[in-house]
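Protein chains: 2
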Amino acid sequence: MSKTCPPLPAMVIKLLGAALLSLGATVQAQAPAAKPARSAADILAQSPASDWRSPDPRDTLLMELQTARGPGQVLIELAPRFAPRHVANIRSLARAGYYDGLAVVRVQDNFVTQWGDPDADKPDKARPLGEAQARLPAEFSIAYKDLPISRLPDVDGWAPVSGFVDGFPVAAQPEADKAWLTHCYGMVGAGRGNAPDSSTGSSLYTVIGHAPRGLDLNITLVGRVIKGMELLASLPRGGGAMGFYVQAEQRSPIQRVRLLADMPDAERPRLQLLRTDSKTWLELLDARRHRSGWFVHSPAHIEVCSAGVPSRPAP
Amino acid sequence: MSKTCPPLPAMVIKLLGAALLSLGATVQAQAPAAKPARSAADILAQSPASDWRSPDPRDTLLMELQTARGPGQVLIELAPRFAPRHVANIRSLARAGYYDGLAVVRVQDNFVTQWGDPDADKPDKARPLGEAQARLPAEFSIAYKDLPISRLPDVDGWAPVSGFVDGFPVAAQPEADKAWLTHCYGMVGAGRGNAPDSSTGSSLYTVIGHAPRGLDLNITLVGRVIKGMELLASLPRGGGAMGFYVQAEQRSPIQRVRLLADMPDAERPRLQLLRTDSKTWLELLDARRHRSGWFVHSPAHIEVCSAGVPSRPAP
Numbered sequence: 001m002s003k004t005c006p007p008l009p010a011m012v013i014k015l016l017g018a019a020l021l022s023l024g025a026t027v028q029a030q031a032p033a034a035k036p037a038r039s040a041a042d043i044l045a046q047s048p049a050s051d052w053r054s055p056d057p058r059d060t061l062l063m064e065l066q067t068a069r070g071p072g073q074v075l076i077e078l079a080p081r082f083a084p085r086h087v088a089n090i091r092s093l094a095r096a097g098y099y100d101g102l103a104v105v106r107v108q109d110n111f112v113t114q115w116g117d118p119d120a121d122k123p124d125k126a127r128p129l130g131e132a133q134a135r136l137p138a139e140f141s142i143a144y145k146d147l148p149i150s151r152l153p154d155v156d157g158w159a160p161v162s163g164f165v166d167g168f169p170v171a172a173q174p175e176a177d178k179a180w181l182t183h184c185y186g187m188v189g190a191g192r193g194n195a196p197d198s199s200t201g202s203s204l205y206t207v208i209g210h211a212p213r214g215l216d217l218n219i220t221l222v223g224r225v226i227k228g229m230e231l232l233a234s235l236p237r238g239g240g241a242m243g244f245y246v247q248a249e250q251r252s253p254i255q256r257v258r259l260l261a262d263m264p265d266a267e268r269p270r271l272q273l274l275r276t277d278s279k280t281w282l283e284l285l286d287a288r289r290h291r292s293g294w295f296v297h298s299p300a301h302i303e304v305c306s307a308g309v310p311s312r313p314a315p
Numbered sequence: 001m002s003k004t005c006p007p008l009p010a011m012v013i014k015l016l017g018a019a020l021l022s023l024g025a026t027v028q029a030q031a032p033a034a035k036p037a038r039s040a041a042d043i044l045a046q047s048p049a050s051d052w053r054s055p056d057p058r059d060t061l062l063m064e065l066q067t068a069r070g071p072g073q074v075l076i077e078l079a080p081r082f083a084p085r086h087v088a089n090i091r092s093l094a095r096a097g098y099y100d101g102l103a104v105v106r107v108q109d110n111f112v113t114q115w116g117d118p119d120a121d122k123p124d125k126a127r128p129l130g131e132a133q134a135r136l137p138a139e140f141s142i143a144y145k146d147l148p149i150s151r152l153p154d155v156d157g158w159a160p161v162s163g164f165v166d167g168f169p170v171a172a173q174p175e176a177d178k179a180w181l182t183h184c185y186g187m188v189g190a191g192r193g194n195a196p197d198s199s200t201g202s203s204l205y206t207v208i209g210h211a212p213r214g215l216d217l218n219i220t221l222v223g224r225v226i227k228g229m230e231l232l233a234s235l236p237r238g239g240g241a242m243g244f245y246v247q248a249e250q251r252s253p254i255q256r257v258r259l260l261a262d263m264p265d266a267e268r269p270r271l272q273l274l275r276t277d278s279k280t281w282l283e284l285l286d287a288r289r290h291r292s293g294w295f296v297h298s299p300a301h302i303e304v305c306s307a308g309v310p311s312r313p314a315p
């Protein structure tokens with residue numbers, strides 16, 4: 001992991017779009033010269049502590065994976081405001097150790113990485129859900145009214161409104177009083193079968209490619225990967241239909257999944273996320289719309305899935 | 001590679017959005033029941049041979065990589081209509097064996113995989129470009145007038161017009177008579193330094209995450225990966241700034257890069273691409289806008305970067 005986890009400087013530059021598709025080390029070293037007047041790095045460096053938050057330990061999962069490249073950690077922030085029943089179920093499953101020993105079963109290029117019980121559909125072999133609910137209502141959308149959304153002024157082709165709530169990318173249709181989490185890179189959803197209410201949170205997926213926003217309002221999104229996406233996105237693609245692994249040994253085992261709240265305080269990863277209702281966030285979005293330095297053309301536009309919410313190690 | 005290359009059925013389902021985020025094998029097996037009335041698979045199966053084309057061998061590169069997971073092949077179709085000078089340079093570099101023995105030097109999660117000469121910026125160690133041009137004009141856009149574009153009716157936030165030309169995703173500003181290749185997943189560009197005209201095609205990158213369309217009109221796109229994206233997208237992310245590898249041994253070596261035209265006919269990979277000016281393509285796009293089966297909600301929308309152009313082994 002540490003080898004593949006970019007340090008904060010890289011994340012900051014990435015926030016800039018990391019547009020320095022440089023020829024090599026020298027130009028890479030010139031990166032500072034290629035940033036806007038007030039760069040994303042400067043905006044972040046000058047941000048007040050109050051613009052940052054620590055994810056709630058009761059809403060944050062730590063998934064420990066074993067991969068052919070070694071062990072890795074994935075942190076997932078759950079979204080109880082949008083999928084309360086699924087989040088409650090996932091908490092219950094994690095506390096019961098349901099996910100421990102399961103595996104990544106599917107990696108489809110430019111689409112999703114999915115994990116869960118490889119035997120979920122074999123009644124005789126499927127792991128029991130224990131005290132978790134075996135049937136949940138679909139949680140595809142919530143009410144838009146009174147939703148504290150940091151709305152983007154930018155045109156979005158998929159929905160009349162887009163923006164951020166609690167750090168999550170959101171789209172909405174105010175006239176229908178509907179809002180929903182949208183399928184941006186790194187978002188986590190609950191796999192379902194053909195019945196809209198057939199997801200339980202026992203099988204989860206994350207988006208590893210271009211946002212498949214056509215899935216919005218069709219499946220329950222439950223959270224977002226806030227650390228470790230580079231691990232889930234770089235697993236070998238599955239050779240079967242829809243990217244499922246054909247041989248069991250190709251699957252990456254899940255060693256365990258815990259809620260941070262259930263871990264000894266000293267063992268909890270310390271991560272902070274920029275508040276998407278903060279002035280710093282609005283300034284960062286504007287820095288992405290209006291480029292300078294390396295850029296000769298400014299898009300004067302961003303989209304809800306092209307702006308990653310920055311994180312940093314807790315000070 | 002063969003392990004991670006999805007077979008055509010998987011590609012077809014992927015074209016559908018592969019929205020069956022199923023709980024496992026059984027539901028996966030039910031996939032046919034979850035497709036629209038006339039599914040993408042049916043549309044493709046019933047497509048006339050005349051709706052398919054073979055990429056021009058003079059415009060198609062075969063890159064052979066060595067990775068920790070084994071060897072792999074990447075096919076890149078060049079876009080001479082959009083970047084004639086860069087494409088000519090890349091042909092010249094490939095014919096001179098310039099890329100042979102170079103390496104993937106950078107993989108930044110949700111952004112790009114970049115390859116070239118690790119010593120490009122060390123005058124004493126940089127590999128000479130030979131007969132290729134050391135300086136080229138930037139080729140960021142071309143004229144829109146008379147461009148044979150299959151225009152999308154869907155709203156695009158980044159440009160007034162979007163669509164497809166010669167199988168490539170394109171955006172345009174008709175009132176400025178400008179059109180350009182756009183940074184969708186799998187598009188290939190020529191790395192540059194701070195000077196807009198500092199790209200030569202000696203360092204190339206491909207998009208491995210959500211389309212960074214803010215790069216459009218800032219750097220020269222030269223083509224598209226038509227086979228092997230799952231290889232370039234699943235390499236370990238680099239731990240240095242902007243995803244550059246820190247240790248040389250982390251780089252994946254490029255064994256060789258050849259134009260198909262320079263290969264014995266029998267050795268050329270046989271691949272066909274769906275014509276983006278065909279009726280079949282328009283029907284596929286419509287099948288993505290209007291879903292059924294597994295879907296309970298249809299987006300009634302697509303975007304230029306959410307529609308992958310299908311390929312198939314040549315019959």
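Protein chains in written order, with the UniProt record's numbering: chain A, 1 to 315; chain B, 1 to 315.
Cβ atoms here follow ideal geometry from the backbone N, Cα and C, with glycine treated the same way.
Note that the coordinates shown come from a computational prediction; the quantities given were computed from them, not determined experimentally.
* **Where the beta strand (DSSP E) containing B/Thr280 begins and where it ends** => Position 280 of the second sequence, counted from the start, is the residue given in the question as residue 280 of chain B. Looking at the DSSP string, B/Thr280 is not in any beta strand (DSSP E); the run it does join, the alpha helix (DSSP H), is Lys279 to Arg289.
* To do: List the endpoints of the continuous beta strand (DSSP E) containing B/Leu152.
  => On the second sequence, position 152 is the one that residue 152 of chain B refers to. Segment: none, B/Leu152 is in no beta strand (DSSP E) and carries neither H nor E.
* Using a Cβ cut-off of 8 Å, pull out every chain B residue sitting near A/Gly157, in sequence order please. => Translated into positions along the first sequence, residue 157 of chain A becomes position 157. What A/Gly157 touches in chain B, judged by beta-carbon distance under 8 Å, is Asp154, Val155, Asp156, Gly157, His301 and Glu303, going in chain order.
* Whose Cβ in chain A lies nearer than 7 Å to the Cβ of B/Phe295? -> Indexing the second sequence from 1 puts residue 295 of chain B at position 295. Correct list: Asn218.
* To do: Under 6 Å Cβ to Cβ from A/Asp124, same chain only, skipping five residues before and after it: list those, please.
  => Position 124 of the first sequence holds residue 124 of chain A. Excluding positions up to five away in sequence, the list is empty.
* Roughly how many whole angstroms lie between the Cα atoms of A/Asn194 and A/Leu232? -> Numbered from its first residue, the first sequence carries residue 194 of chain A at position 194. Numbered from its first residue, the first sequence carries residue 232 of chain A at position 232. C-alpha separation (whole angstroms): 25 Å.
* **Local conformation of A/Met263 per DSSP, three classes** => For this step, residue 263 of chain A is matched to residue 263 along the first sequence. The answer is coil: DSSP assigns A/Met263 none of H, G, I, E or B.
* To do: Would you kindly report the start and end of the unbroken beta strand (DSSP E) that includes B/Leu204?
  => Indexing the second sequence from 1 puts residue 204 of chain B at position 204. Here the beta strand (DSSP E) through B/Leu204 covers Leu204 to Val207.
* Who are the Cβ neighbours of B/Ile149 in its own chain at under 8 Å, not counting the five residues just before and after it? -> Here residue 149 of chain B refers to the residue found at position 149 of the second sequence. For B/Ile149, where only same-chain residues beyond five positions count, the Cβ hits under 8 Å are Val161, Gly163, Phe164, Val165, Val170, Ala172 and Ala179.
* To do: Would you mind working out which of B/Asp197, B/Ala176, B/Gly189 and B/Pro80 sits nearest B/Lys145, comparing C-alpha positions?
  => Residue numbering aside, residue 145 of chain B sits at position 145 when the second sequence is read from its first letter. For B/Lys145, the closest C-alpha among the options B/Asp197, B/Ala176, B/Gly189 and B/Pro80 is that of B/Ala176.
* **In DSSP terms, what B/Leu181 is bridged to** => For the purposes of this step, residue 181 of chain B is taken as the residue at position 181 of the second sequence. B/Val170, per the DSSP bridge assignment.
* Asked: Going by the beta-carbon positions, is the gap between B/Phe82 and B/Leu181 smaller than 8 Å?
  -> Translated into positions along the second sequence, residue 82 of chain B becomes position 82. Translated into positions along the second sequence, residue 181 of chain B becomes position 181. Taking 8 Å as the Cβ cut-off, B/Phe82 and B/Leu181 qualify as a contacting pair.
* **Close-in-space but distant-in-sequence residues of the same chain around A/Ala138 (CB under 7 Å, 5 per side omitted)** => Mapped onto the first sequence, residue 138 of chain A falls at position 138. Within the same chain, A/Ala138 has close Cβ partners Pro196, Asp197 and Thr220.
* DSSP state of B/Leu78 mapped onto helix, strand, coil -> To locate residue 78 of chain B, count along the second sequence from 1; it is residue 78. Correct three-state label for B/Leu78: strand.
* Min CB distance A/Leu44 to chain B below 8 Å -> One-based indexing of the first sequence puts residue 44 of chain A at position 44. Output row for A/Leu44: interface = no.
* Looking at A/Ser252 and A/Leu65, is the spacing between their C-beta atoms short of 8 Å? -> Taking the first sequence and counting its residues from 1, one reaches residue 65 of chain A at position 65. Taking the first sequence and counting its residues from 1, one reaches residue 252 of chain A at position 252. For A/Leu65 and A/Ser252, yes; Cβs fall inside 8 Å.
* Kindly give me the distance between the Cβ atoms of B/Ala287 and B/Ile43, rounded to whole angstroms, as I take these residues to be in contact under 8 Å. => In the second sequence, counting from the first residue as 1, residue 287 of chain B sits at position 287. In the second sequence, counting from the first residue as 1, residue 43 of chain B sits at position 43. With 8 Å as the limit, B/Ala287 and B/Ile43 qualify as a contact, their Cβ atoms being about 6 Å apart.
* Can you tell me which of the three DSSP states A/Ala190 falls into? => Along the first sequence, one-based indexing puts residue 190 of chain A at 190. Here A/Ala190 sits in strand by DSSP.
* Asked: Among residues of its own chain, excluding the 5 on either side of A/Pro80, which ones have a beta-carbon nearer than 7 Å to its beta-carbon?
  -> By one-based count along the first sequence, residue 80 of chain A stands at place 80. The residues are Asp59 and Val87.
* Would the beta-carbon of B/Leu235 fall within 8 Å of that of B/Val104? -> In the second sequence, counting from the first residue as 1, residue 235 of chain B sits at position 235. In the second sequence, counting from the first residue as 1, residue 104 of chain B sits at position 104. Taking 8 Å as the Cβ cut-off, B/Leu235 and B/Val104 qualify as a contacting pair.
* To do: Excluding the 5 residues preceding and the 5 following A/Ala113 in the sequence, name in chain order all residues of the same chain whose CB lies nearer than 8 Å to its CB.
  => What you label residue 113 of chain A is simply residue 113 of the first sequence in a count that begins at 1. The amino acid occupying residue 113 of chain A in the given sequence is Thr; Ala does not appear at that position. Counting only Cβ-Cβ distances below 8 Å, and skipping sequence neighbours, we find Val104, Arg106, Val107, Tyr205, Thr206, Ile208, Leu232, Ala233 and Leu235.
* To do: Give a yes or no on whether the minimum CB-CB distance between B/Asp265 and chain A is below 8 Å.
  => Along the second sequence, read from residue 1 onward, the residue named residue 265 of chain B stands at position 265. No - not a single Cβ of chain A is within 8 Å of the one on B/Asp265.
* To do: May I have the straight-line CA-CA distance separating A/Arg69 from B/Gly228, to the nearest angstrom?
  => In the first sequence, residue 69 of chain A corresponds to position 69, counting from 1. In the second sequence, residue 228 of chain B corresponds to position 228, counting from 1. Roughly 20 Å between the two C-alpha positions.
* Along chain B, which residues have their Cβ under 8 Å away from the Cβ of A/Ala132? -> Stepping through the first sequence from its first residue, residue 132 of chain A is reached at position 132. Taking a Cβ-Cβ cut-off of 8 Å, A/Ala132 has no neighbours in chain B, whose nearest Cβ is about 14 Å from it.
* the segment 88 to 112 of chain B: positions lying closer than 9 Å to chain A by Cβ -> Val105, Arg106, Val107, Gln108, Asp109, Asn110, Phe111 and Val112
* Asked: Span of the beta strand (DSSP E) holding A/Val105?
  -> Residue mapping note: residue 105 of chain A aligns to position 105 of the first sequence, counting from 1. Residues Ala103 to Gln108.
* Asked: Helix, strand or coil: how does DSSP classify A/Ala307 here?
  -> In the first sequence, counting from the first residue as 1, residue 307 of chain A sits at position 307. Three-state result, A/Ala307: coil.
* Asked: Relative to chain A, which residues along the segment 205 to 237 of chain B have a C-beta separation below 9 Å, given in chain order?
  -> Tyr205, Val207, Ile208, Gly209, His210, Ala211, Pro212, Arg213, Gly214, Leu215, Asp216, Leu217, Asn218, Ile219, Met229, Glu230, Leu231, Ala233, Ser234, Leu235, Pro236 and Arg237
* Contact set between residue 344 of chain A and chain B, taken where Cβ atoms lie within less than 9 Å -> Nothing about residue 344 of chain A can be read from this structure; chain A reaches only from 1 to 315.
* Under a CB-based cut-off of 8 Å, is B/Arg258 close to chain A? -> Taking the second sequence and counting its residues from 1, one reaches residue 258 of chain B at position 258. Not one chain A Cβ lies under 8 Å of B/Arg258.
* Asked: Shorter than 8 Å from the beta carbon of A/Pro196 to some beta carbon of chain B?
  -> Position 196 of the first sequence, counted from the start, is the residue given in the question as residue 196 of chain A. Yes, A/Pro196 lies at the interface with chain B (some Cβ there is under 8 Å from its Cβ).
* Asked: What does A/Arg53 touch in chain B if you count any residue whose Cβ is under 7 Å from its own?
  -> The count along the first sequence starts at 1 and reaches residue 53 of chain A at position 53. Those do not exist, as A/Arg53 stays about 22 Å from chain B at its closest Cβ, beyond 7 Å.
* **Closest Cα partner of A/Asp265 within the set A/Pro57, A/Arg53, A/Asn218 and A/Trp115** => Within the first sequence, numbered from 1, the residue matching residue 265 of chain A stands at position 265. Per the Cα distances, A/Pro57.
* Listing by chain order, which chain A residues have their CB less than 8 Å from the CB of B/Arg251? -> Translated into positions along the second sequence, residue 251 of chain B becomes position 251. Residues of chain A passing the Cβ test: none, with the nearest at roughly 12 Å.
* **Residue environment, A/Ser50, which counts as buried when at least 16 other CB atoms sit within 10 Å** => Here residue 50 of chain A corresponds to residue number 50 of the first sequence, with the count starting at 1. Exposed.
* C-alpha distance - A/Arg312 paired with A/Ser39, whole-angstrom precision -> What you label residue 312 of chain A is simply residue 312 of the first sequence in a count that begins at 1. What you label residue 39 of chain A is simply residue 39 of the first sequence in a count that begins at 1. Cα to Cα, A/Arg312 sits roughly 17 Å from A/Ser39.
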